[in-house]
Amino acid sequence: MYLLGERILPGESKTIEVEIAKLHTMNKLKVPIFIERSKIDGPTVLFSACLHGDEINGTEIIRQLIRRKINKPKRGTIICIPIINIFGFINQTREFPDKRDLNRVFPGSKTGSLASRFAHFLVSEIIPNIDYAVDFHAGGASRFNASQIRIVPNNPELKKLASVFNAPFTLFSKNIPGSFRNACTKLGVKMLLFEGGKSLDLNDSITIEGINGVKRFLYHLDMLNPKKETTTATEKTIYIEKSNWVRANFSGMFHGLIKVGSFVNKGDVLAIISDPYGKVEHKLKAPNDGYIINVNDAPIVYQGDAVFHITTHLES
Numbered sequence: 337m338y339l340l341g342e343r344i345l346p347g348e349s350k351t352i353e354v355e356i357a358k359l360h361t362m363n364k365l366k367v368p369i370f371i372e373r374s375k376i377d378g379p380t381v382l383f384s385a386c387l388h389g390d391e392i393n394g395t396e397i398i399r400q401l402i403r404r405k406i407n408k409p410k411r412g413t414i415i416c417i418p419i420i421n422i423f424g425f426i427n428q429t430r431e432f433p434d435k436r437d438l439n440r441v442f443p444g445s446k447t448g449s450l451a452s453r454f455a456h457f458l459v460s461e462i463i464p465n466i467d468y469a470v471d472f473h474a475g476g477a478s479r480f481n482a483s484q485i486r487i488v489p490n491n492p493e494l495k496k497l498a499s500v501f502n503a504p505f506t507l508f509s510k511n512i513p514g515s516f517r518n519a520c521t522k523l524g525v526k527m528l529l530f531e532g533g534k535s536l537d538l539n540d541s542i543t544i545e546g547i548n549g550v551k552r553f554l555y556h557l558d559m560l561n562p563k564k565e566t567t568t569a570t571e572k573t574i575y576i577e578k579s580n581w582v583r584a585n586f587s588g589m590f591h592g593l594i595k596v597g598s599f600v601n602k603g604d605v606l607a608i609i610s611d612p613y614g615k616v617e618h619k620l621k622a623p624n625d626g627y628i629i630n631v632n633d634a635p636i637v638y639q640g641d642a643v644f645h646i647t648t649h650l651e652s
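Numbered as in the working numbering, the sequence shown ends at 652 without a single skipped number.
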């Protein structure tokens with residue numbers, strides 16, 4: 337196979353450093369792409385992370401895949417890109433230097449903004465070479481996501497792959513125009529989007545969920561290195577058809593009472609919002625029965641801020 341103009345021979349390991357741009361200091365900025373090809377033909381799988389530069393838990397998951405040699409396939413080829421948005425990773429920010437969200441500019445343009453040019457590079461040079469992909473994300477700002485896979489509704493093949501990955505939750509969500517997932521779908525790549533943890537944070541439980549899911553995913557494709565054992569999940573993934581945000585009813589100091597992933601009943605107290613002077617406390621209650629799949633870890637909130645993501649309809 338050929339990737340980025342280089343030939344990858346059967347049984348070969350190769351790291352290709354792609355120069356995507358130069359800093360204003362004229363230093364070259366390169367994105368390392370790790371490729372492991374088996375001697376036996378098979379599918380090509382991409383594991384990518386840090387599309388948003390501050391979502392670093394996915395980078396840790398892929399780092400461990402490489403470190404533990406889980407990325408060395410029994411058959412086929414595994415491509416790992418631990419950091420897509422190297423600019424954001426260096427600056428610990430979500431966006432590219434042009435202030436654009438890389439996950440909203442696909443398929444990009446060869447002559448567009450910096451983010452658009454890099455999106456175009458991924459669409460033209462990487463995506464056409466892959467069959468399956470898992471893209472790792474985390475919650476934005478101070479919001480912590482329970483481990484979950486997101487797939488488009490009414491796609492039996494993706495649903496099967498989600499059940500194989502078996503994160504605690506699987507959320508049906510439509511592709512967002514301009515997103516990496518949408519671009520992959522249009523080019524025939526079967527992608528799972530993993531969400532877990534929050535920005536600028538490493539969480540061991542999220543990392544373990546991601547690694548175990550990858551191993552089950554590769555085992556299903558008959559690609560997992562026989563030296564690596566899979567881990568069977570104790571419970572099956574919960575499919576979520578609809579969910580809503582619970583928003584802060586007052587501004588103040590935020591005292592969350594519910595752990596992410598918990599099931600709550602309508603009327604349960606989710607949090608207390610207080611003034612800073614010990615005079616006023618307001619209870620924030622669950623509007624319905626459901627699982628809490630995202631919690632806000634911010635110490636201070638304003639009225640209307642999204643603070644809990646709760647399921648409203650599960651697949652029966």
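In this text, a Cβ means the ideal position worked out from N, Cα and C, and glycines have one as well.
C-alpha gap between residue i and residue j, whole angstroms
i      : j      : result
Ser499 : Thr573 : 6 Å
Leu557 : Ser449 : 37 Å
Leu620 : Glu651 : 27 Å
Leu389 : Leu438 : Looking at the sequence shown, residue 389 is not Leu but Gly. Each residue's Cα considered, the two are about 10 Å apart.
Gly597 : Ala482 : 6 Å
Thr648 : Ala469 : 29 Å
Gly475 : Ile576 : 17 Å
Tyr555 : Ala385 : 21 Å
Ile485 : Asp633 : 21 Å
Tyr638 : Thr351 : 46 Å
Val643 : Trp581 : 7 Å
Asp625 : Gly640 : 21 Å
Leu359 : Pro433 : 10 Å
Met337 : Glu353 : 17 Å
Leu528 : Lys496 : 11 Å
Pro513 : Cys520 : 11 Å
Asn511 : Val600 : 28 Å
Glu348 : Ile376 : 11 Å
Asn465 : Ile392 : 25 Å
Ser509 : Ile608 : 30 Å
Asn539 : Gly394 : 10 Å
Arg373 : Leu340 : 15 Å
Lys522 : Leu507 : 20 Å
Gly592 : Lys564 : 39 Å
Phe442 : Lys435 : 15 Å
Glu531 : Asp467 : 21 Å
Met589 : Asp537 : 22 Å
Glu461 : Ser610 : 52 Å
Phe553 : Met559 : 9 Å
Integer-rounded CB distance, given that residue j should sit under 8 Å from residue i
i      : j      : result
Ser515 : Ala477 : Rounded, the Cβ-Cβ distance is 19 Å, inconsistent with contact.
Asn630 : Phe480 : 7 Å
Leu387 : Ile420 : 5 Å
Phe505 : Tyr627 : 7 Å
Ile369 : Ile406 : Not really, about 17 Å apart at Cβ, beyond 8 Å.
Thr413 : Thr380 : 4 Å
Ala622 : Lys602 : 6 Å
Phe332 : Ile356 : There is no way to answer for residue 332, as the model of the chain reaches only from 337 to 652.
Gly378 : Arg411 : 3 Å
Pro418 : Arg404 : So it is not a contact: roughly 14 Å between Cβ atoms.
Residue environment, residue i, which counts as buried when at least 16 other CB atoms sit within 10 Å
i      : result
Leu401 : buried
Val605 : exposed
Glu617 : exposed
Asn561 : buried
Asn518 : buried
Lys526 : buried
Asn502 : buried
Glu396 : buried
Pro409 : buried
Gly524 : exposed
Ser579 : buried
Glu493 : exposed
His645 : buried
Gly614 : exposed
Glu431 : buried
Lys446 : exposed
Ile636 : exposed
Leu345 : exposed
Lys551 : buried
Ile533 : In the sequence under discussion, the amino acid at residue 533 is Gly, which differs from the Ile named in the question. Buried, since its Cβ has 16 or more Cβ neighbours within 10 Å.
Pro612 : exposed
Glu342 : exposed
Any C-beta of chain D under 8 Å from that of residue i
i      : result
Ile420 : Of the protein chains in the structure, only one exists, and it is not chain D.
Length at least 3, wholly inside the region 376-462: the beta strand (DSSP E) runs in chain order: 380-385, 413-417
Requested in this report: Take every Cβ of the region 566-579, pair it with every Cβ of the region 450-464, and state whether three or more of those distances are shorter than 8 Å.
Outcome: no
inquiry  = Pairs of beta-carbons, one from the region 425-439 and one from the region 579-590, closer than 8 Å: are there three or more?
reply    = no
(Q) Three Cβ pairs or more, each shorter than 8 Å: is that satisfied between the region 540-554 and the region 486-495? (A) no
Q) Which residue spans inside the region 587-628 form an unbroken beta strand (DSSP E) run of at least 3? A) 588-592, 605-610, 617-621
Start-end ranges of the beta strand (DSSP E) lying completely within the region 467-554, minimum 3 residues = 468-475, 479-487, 505-508, 526-534
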